[in-house]
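*Asks:*
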Amino acid sequence: MEAVDHPATSALRLLALVVVVPLGLASGQLMSIGTRQLYIHCSGSGPAPTLVLEAGAGGNSANFEKVQTQLEKLARVCSYDRAGLGKSDKPKGEQTETGIIDDLHQLLLDVHESGPYLLVGHSLGGVYVRAFQMRYPKLVKGLVLVDSSHEEQLNRFTALSPELGKQFATQRGMSTYDDMYRLYGQLRPGATLNWHADIPMIVIEHKRPTSPVANSSSAQSGGLPPVDRAWHEMQADLAQRSTCAQLWEAPKEGHDIPAEQPDLVVKAVSIVLSEIRNGCRASEDADK
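Per our numbering, the sequence shown starts with residue 5, numbered consecutively.
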C-alpha cells in the first residue's frame, strides 16, 4: 500500500525549512549600525548592478558560500548576516521587516555599495528582498527568488492541517502559535501581497515530488499532495508579479537550493543580469 503524505507532514517540511549552516566565508567585516555590529562580506568586481544575497529564516551569509564564490567572477556580490544571526549582534528589540530593510540599506551604504542592486532571496529572504524593492524601487533592477516564502503560506498550510500551527511552533522551539506568528509576521497578507514589479525576475521552486500518492485529493490536484500543490501555486503567483519573469522548477528535490544546487542559482542570476543589461527574455524557455 502506498504511504499517504499527510498534509501536516508535508506542511512542516515546507514551513520549517531547517537548513544546515556551514562554517561560512573566510573574510568579511563587522560594520556598526547604530549600537550594533552587522557582518557583511563583499567580493568580486564587475559592472552594475551589485548582487545582494538574502538568506532564509535562521540562515546567514554562509548559506550562500557556494553561490558567492561563483558569482564573484561575474559581478560585485555581497552577503550578510541579519541581526541575531551568524556573526551579527542581536537586535535590541523584536526584529521587524522594516528594521531588516533599514539595516540592509544602511549596511550597503556604509560599505560603499550604493546600488543599483540585483537581489537574491532564499525562503523567508524572498519576502525581505521584495519588501526592499517596494521601499527602494529605483535601486532594485532585478530579483531572483529561491523557493521563496509567500504571504499566504501560513494561512493556506494551517487551513490544510489544523494541528500544523502547534506542531510547527513546537518544532521551532516556540511555546505558542502566537510566537510563530511573531517570527513569521512578515508573511501575514499585507502590502507585499499586492506587490508587483516589472523588472527581470526568476522564481525557482524546489522539485515537486514525483512518487504516486494514494489519496483522492492529491489526484484531483494534479497528483501532488495538497501542501505541495499549494506551494507550487504560491510560487507561480510570485512569477506572475512581473511581466519579465520566469518560473523554474529545480532539477533536484530539497529546499536548501543555494547550498545543494548552487549552480542553478548562479545560472538564474546570470540570466537576470543579462536581462537587466540587454532586455527581457521571459517569453523564452530557459535551458536549465
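Positions of the beta carbon are idealized from the N, C-alpha and C atoms, including for glycine. Just so we're clear, the structure is a prediction, and the values are computed from it rather than from any experiment.
Flag this pair as yes or no: are the beta carbons of Tyr-132 and Glu-209 separated by less than 9 angstroms?
*Replies:* Position 128 of the sequence shown, counting from 1, holds the residue named residue 132. Position 205 of the sequence shown, counting from 1, holds the residue named residue 209. Against a cut-off of 9 angstroms, the Cβ pair of Glu-209 and Tyr-132 comes out as no contact.
*Asks:* Please determine if the segment 77 to 88 and the segment 148 to 157 are in contact, where contact requires at least 3 C-beta pairs separated by less than 8 angstroms.
*Replies:* no
*Asks:* Confirm, please, whether the CB-CB distance from Pro-53 to Gly-125 is below 9 angstroms.
*Replies:* Sequence index remark: in the sequence shown, residue 125 carries index 121 (1-based). Sequence index remark: in the sequence shown, residue 53 carries index 49 (1-based). Between Gly-125 and Pro-53, the gap from beta carbon to beta carbon reaches 9 angstroms or more.
*Asks:* Could you check what DSSP says for Ile-280 in three-state terms: helix, strand or coil?
*Replies:* Position 276 of the sequence shown, counted from the first residue, corresponds to residue 280. Residue state, collapsed to three classes: helix.
*Asks:* Pick from Met-205, Glu-257, Ala-272 and Gly-119: whose alpha carbon is nearest that of Ala-249?
*Replies:* Taking the first residue of the sequence shown as position 1, residue 249 is located at position 245. Of Met-205, Glu-257, Ala-272 and Gly-119, the residue nearest in Cα terms is Met-205.
*Asks:* Given a cut-off of 9 angstroms, decide if Gly-32 and Ile-44 are closer than it, judged by their beta-carbon atoms.
*Replies:* One-based indexing of the sequence shown puts residue 44 at position 40. One-based indexing of the sequence shown puts residue 32 at position 28. Cβ distance < 9 angstroms, so Ile-44 and Gly-32 count as in contact.
*Asks:* Cα-Cα, which of Val-276, Ile-261 and Arg-281 is closest to Leu-123?
*Replies:* Residue numbering aside, residue 123 sits at position 119 when the sequence shown is read from its first letter. Here the closest residue by C-alpha is Val-276.
*Asks:* Which of the three DSSP states is assigned to Ile-44 in this structure?
*Replies:* Your numbering for residue 44 matches position 40 in the sequence shown. Reduced to three states, the DSSP call for Ile-44 is strand.
*Asks:* Give me the Cβ distance between Ser-246 and Ala-201, rounded to the nearest whole Å; I'm assuming they're in contact under 8 angstroms.
*Replies:* Looking up residue 246 in the sequence shown gives position 242. Looking up residue 201 in the sequence shown gives position 197. Yes, Ser-246 and Ala-201 are in contact; Cβ-Cβ is about 6 angstroms, under 8 angstroms.
*Asks:* Pull the bridge partners of Trp-252 from the DSSP assignment, please.
*Replies:* Numbered from 1 along the sequence shown, position 248 holds the residue referred to as residue 252. Beta-bridge pairing links Trp-252 to Ile-208.
*Asks:* Exposed or buried, which one is Asp-9 when buried takes at least 16 other CB atoms within 10 Å?
*Replies:* In the sequence shown, residue 9 corresponds to position 5, counting from 1. The pLDDT assigned to Asp-9 is 49, lower than 50, so where the model puts this residue is not dependable, and the model offers no usable value.
*Asks:* Restricting to Cα atoms, I'd like to know which of Val-144, Gly-129 and Phe-136 is closest to Tyr-121.
*Replies:* Position 117 of the sequence shown, counting from 1, holds the residue named residue 121. Checking every option, the nearest Cα to that of Tyr-121 belongs to Val-144.
*Asks:* Going by beta carbon distance, what residues of the same chain come within less than 7 angstroms of Ile-280, once the five residues before and after it are set aside?
*Replies:* Position 276 of the sequence shown holds residue 280. Excluding sequence neighbours, Ile-280 sits near Pro-53, Leu-122, Lys-145, Gly-146 and Pro-204.
*Asks:* What are the boundary residues of the beta strand (DSSP E) that Gly-125 is part of?
*Replies:* On the sequence shown, residue 125 is found 121 positions in, with the first residue counted as 1. Looking at the DSSP string, the run of the beta strand (DSSP E) that includes Gly-125 is 121 to 126.
*Asks:* I'd like the span of the beta strand (DSSP E) that includes Tyr-293, first residue to last.
*Replies:* Since the displayed the chain opens at 5 and closes at 292, residue 293 lies outside it and no answer follows.
*Asks:* What is the DSSP secondary structure of Gly-258, counted as helix, strand or coil?
*Replies:* Position 254 of the sequence shown holds residue 258. Coil, per DSSP.
*Asks:* Quick check on this structure: which residue in Thr-39, Leu-113, Ala-272 and Ile-37 has the alpha carbon closest to the alpha carbon of Leu-78?
*Replies:* On the sequence shown, position 74 is the one that residue 78 refers to. Closest by alpha carbon: Ala-272.
*Asks:* Count the other CB atoms, across all protein chains shown, that sit within 10 Å of the CB of Asp-4; report buried if there are 16 or more and exposed otherwise.
*Replies:* Given that the chain is displayed from residue 5 to residue 292, the structure contains no residue 4 and the question cannot be resolved.
*Asks:* Pick helix, strand or coil for Val-131, following the three-state DSSP scheme.
*Replies:* Here residue 131 corresponds to residue number 127 of the sequence shown, with the count starting at 1. Val-131: helix per DSSP, three-state reduction.
*Asks:* Quick one: what's Ile-275 bridged to in DSSP?
*Replies:* The residue given as residue 275 occupies position 271 in the sequence shown. None, per the DSSP bridge assignment.
*Asks:* Helix, strand or coil for Thr-73, going by three-state DSSP, please let me know.
*Replies:* The residue you call residue 73 lines up with position 69 of the sequence shown. In the structure shown, Thr-73 sits in a helix (DSSP, three-state: H, G or I).
*Asks:* Would Pro-213 and Val-71 be called neighbours here (beta carbons separated by less than 9 angstroms)?
*Replies:* Translated into the one-based positions of the sequence shown, residue 213 becomes position 209. Translated into the one-based positions of the sequence shown, residue 71 becomes position 67. No. Outside cutoff.
*Asks:* Tell me the rounded alpha-carbon separation between Lys-94 and Ser-36.
*Replies:* What you label residue 94 is simply residue 90 of the sequence shown in a count that begins at 1. What you label residue 36 is simply residue 32 of the sequence shown in a count that begins at 1. Lys-94 and Ser-36: Cα-Cα distance of roughly 13 angstroms.
*Asks:* For Thr-162, does the count of other Cβ atoms within 10 angstroms reach 16, so buried, or fall short, so exposed?
*Replies:* Translated into positions along the sequence shown, residue 162 becomes position 158. It counts as buried.
*Asks:* By the 10 Å Cβ neighbour count, where 16 or more other Cβ atoms means buried, how is Asn-282 classified, buried or exposed?
*Replies:* Residue mapping note: residue 282 aligns to position 278 of the sequence shown, counting from 1. It counts as exposed.
*Asks:* Which residues mark the beginning and the end of the beta strand (DSSP E) in which Gln-110 is found?
*Replies:* To locate residue 110, count along the sequence shown from 1; it is residue 106. Segment 101 to 114 is the alpha helix (DSSP H) holding Gln-110; no beta strand (DSSP E) there.
*Asks:* Taking DSSP as the reference, what is the three-state secondary structure of Gln-33?
*Replies:* Taking the sequence shown and counting its residues from 1, the one referred to as residue 33 is at position 29. Looking at Gln-33 - three-state DSSP - the assignment turns out to be strand.
*Asks:* So is Gln-244 buried or exposed if we call it buried at 16+ other beta carbons inside 10 Å?
*Replies:* Taking the sequence shown and counting its residues from 1, the one referred to as residue 244 is at position 240. Its Cβ having fewer than 16 others within 10 Å, Gln-244 is exposed.
*Asks:* With H, G and I counted as helix, E and B as strand and the rest as coil, what does DSSP make of Thr-247?
*Replies:* Looking up residue 247 in the sequence shown gives position 243. Coil at Thr-247, not helix or strand.
*Asks:* For Ala-240, which residues in the same chain have their Cβ closer than 7 angstroms to its Cβ, ignoring the five residues on either side in sequence?
*Replies:* On the sequence shown, residue 240 is found 236 positions in, with the first residue counted as 1. If we look at Ala-240 and ignore the five residues flanking it on each side, its Cβ neighbours are Leu-251.
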